[in-house]
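Colleague:
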Amino acid sequence: MKRIFAVLAVAGLIAGCGGAGGGSGNRLSIATGGTTGVYYVYGGGLAKQLSANIADTQATASVTSASVENIKLLATGKADIGFSQADTAADAVNGTGSFTEKQPIKALARIYDNYAHVVVAPGVQAGKVADLKGKTVSLGPPNSGTQVVARRMLEAAGLDPDTDISKQQLSINESVQAVKDGTVDAFFWVGGLPTAGVVDLATSKPDIKIIDTADVLAEMQREYGEQYVGLDIGLDVYKLEGSVETVGIANVLLVPDTMDEQLAYDITRTLFEKKQELVAVHPEADKLDPALAQQVQPVALHPGAARYFKEKG
């Protein structure tokens, strides 16, 4: 975990000035997520590599509420690169779910898979999603992919997210603190492995539970399609015992559809050529694979990324 946090000291994780090509060179703002989530750490590592390997480029990573907000930032020109879950990205290009119209985005790559975590506070009796009825539960912050998935999981379990639980809308950092303070019974988090905030919580509260959510997968697939898959979390990544089955969803790296083709090519090239440097920042970067990376449907690949993958065969 020291490697994961090390990037925070070297990557200059401050909100950047959006708008590639403004002034001299490229100033790239990368929209990520909460500070103890994987997007933030991964984005910081990517910012460092883009700044070092693309001429006249300064990239910075900014804290956001993640997927939904990131796409809105891309669409309004306030960010140049954004992390997103594939389900949220699909809603964006179709103008459904959290979006009232189609969003002008394209993808550079599918990068790794997210795992739905349902974390239950010590002493709370809940072994499946349906058991959260009547409890105080954080669904993730507004405009986050976590909240999209959390609501869909609750509905698949037969619960109304607005009436069957006492709903909180907390970031991963705030959710972790709320469990420590005893103010929530459980929280949803959708992210890579390991997520630093959950590591911190499991270290200080080793009697937390991460519950199995496989029973809601079939209903989610029936309602939303095969973008949701079953994945296993080996709980040893959190120094806990056993494993659970849960809902998984791919992550994609997005850009505005107006991004210059050469710049999109250079970003994609750097992402893959500097894979090992990114792995040193977070192990999820080891999932980068050029063949899998092109599977971004229904979002279209940016022409610059498509050219990179074509050159690499």
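Reading the sequence shown from the start, the letters are residues -20 to -1, 1 to 293 in mature numbering (1 follows the signal peptide of the UniProt record, and there is no 0).
Glycine included, each C-beta is placed from N, C-alpha and C at the ideal position.
Locate the beta strand (DSSP E) running through TYR95, then write down its first and last residues.
Modeller: Looking at the DSSP string, the run of the beta strand (DSSP E) that includes TYR95 is 85 to 100.
Colleague: Please report the residue range of the alpha helix (DSSP H) in which PRO283 lies.
Modeller: Counting along the chain, the alpha helix (DSSP H) containing PRO283 begins and ends at 283 to 291.
Colleague: If you drop the 5 nearest sequence neighbours on each side, which residues of the same chain put their C-beta closer than 6 Å to that of LEU281?
Modeller: ALA87.
Colleague: For PRO174, does the count of other Cβ atoms within 10 angstroms reach 16, so buried, or fall short, so exposed?
Modeller: Under this definition PRO174 is a buried residue.
Colleague: Excluding the five sequence neighbours on either side, which residues of its own chain have a C-beta within less than 8 Å of the C-beta of GLN242, listed in chain order?
Modeller: Excluding residues within five positions, the ones whose Cβ falls inside 8 Å are GLY284.
Colleague: Provide the residue span of the alpha helix (DSSP H) that contains VAL270, from first to last.
Modeller: According to the sequence as given, residue 270 is Pro; it is not Val. 270 to 273 is the extent of the alpha helix (DSSP H) around PRO270.
Colleague: State the beta-bridge partners of GLN105 as determined by DSSP.
Modeller: GLN105 pairs with nothing; no bridge assigned.
Colleague: May I ask which residues mark the beginning and end of the beta strand (DSSP E) holding LEU8?
Modeller: Start and end: 6 to 11.
Colleague: Per DSSP, PRO236 is paired with what?
Modeller: Beta-bridge pairing links PRO236 to ILE85.
Colleague: If I measure Cβ to Cβ from ASN74 and keep anything under 8 Å in the same chain, skipping five residues before and after, which residues do I get?
Modeller: LYS82 and PRO278.
Colleague: By DSSP, does ALA280 sit in helix, in strand, or in coil?
Modeller: Coil.
Colleague: Which residue spans inside the stretch 189 to 248 form an unbroken alpha helix (DSSP H) run of at least 4?
Modeller: With a minimum length of 4 residues, the continuous alpha helix (DSSP H) runs that stay inside the stretch 189 to 248 are 197 to 204.
Colleague: Taking LYS185 as part of the alpha helix (DSSP H), name the residues at either end of that continuous run.
Modeller: Premise fails: LYS185 is in no alpha helix (DSSP H) and is neither H nor E.
Colleague: Which word fits ASP266, buried or exposed, when buried means at least 16 other C-beta atoms lie within 10 angstroms of its C-beta?
Modeller: The residue is exposed, with fewer than 16 neighbouring Cβ atoms inside 10 Å.
Colleague: Determine whether the beta carbon atoms of ILE152 and GLY177 lie at a separation below 8 Å.
Modeller: In this structure, GLY177 lies closer than 8 Å to ILE152 by Cβ.
Colleague: Which stretch, first to last residue, makes up the alpha helix (DSSP H) that contains THR37?
Modeller: Taken as a continuous stretch (DSSP letters only), THR37 belongs to no alpha helix (DSSP H), being part of the beta strand (DSSP E) at 37 to 42.
Colleague: Indicate the three-state DSSP secondary structure (helix, strand or coil) for ILE61 in the structure shown.
Modeller: DSSP places ILE61 in strand when its eight states are reduced to three.
Colleague: Are TYR204 and ARG90 touching if we call contact CB-CB under 8 Å?
Modeller: Contact: no.
Colleague: Considering Cα atoms alone, identify which of ARG7, LEU8, SER9 and GLY13 is closest to GLY171.
Modeller: Looking at the Cα atoms, GLY13 is the closest of the given residues.
Colleague: Identify whether VAL164 lies in helix, strand or coil by the three-state DSSP scheme.
Modeller: It is coil, neither helix nor strand.
Colleague: What residue does the beta strand (DSSP E) around LYS147 start on, and which one ends it?
Modeller: LYS147 -> beta strand (DSSP E) spans 146 to 148.
Colleague: Within a Cβ cutoff of 6 Å, which residues of the same chain sit near PRO121, ignoring the five residues on either side of it in sequence?
Modeller: SER45, GLN149 and SER151, listed in sequence order.
Colleague: I need the boundaries of the alpha helix (DSSP H) containing THR116, first residue and last residue.
Modeller: Run containing THR116: none in the alpha helix (DSSP H); it sits in the beta strand (DSSP E), 116 to 118.
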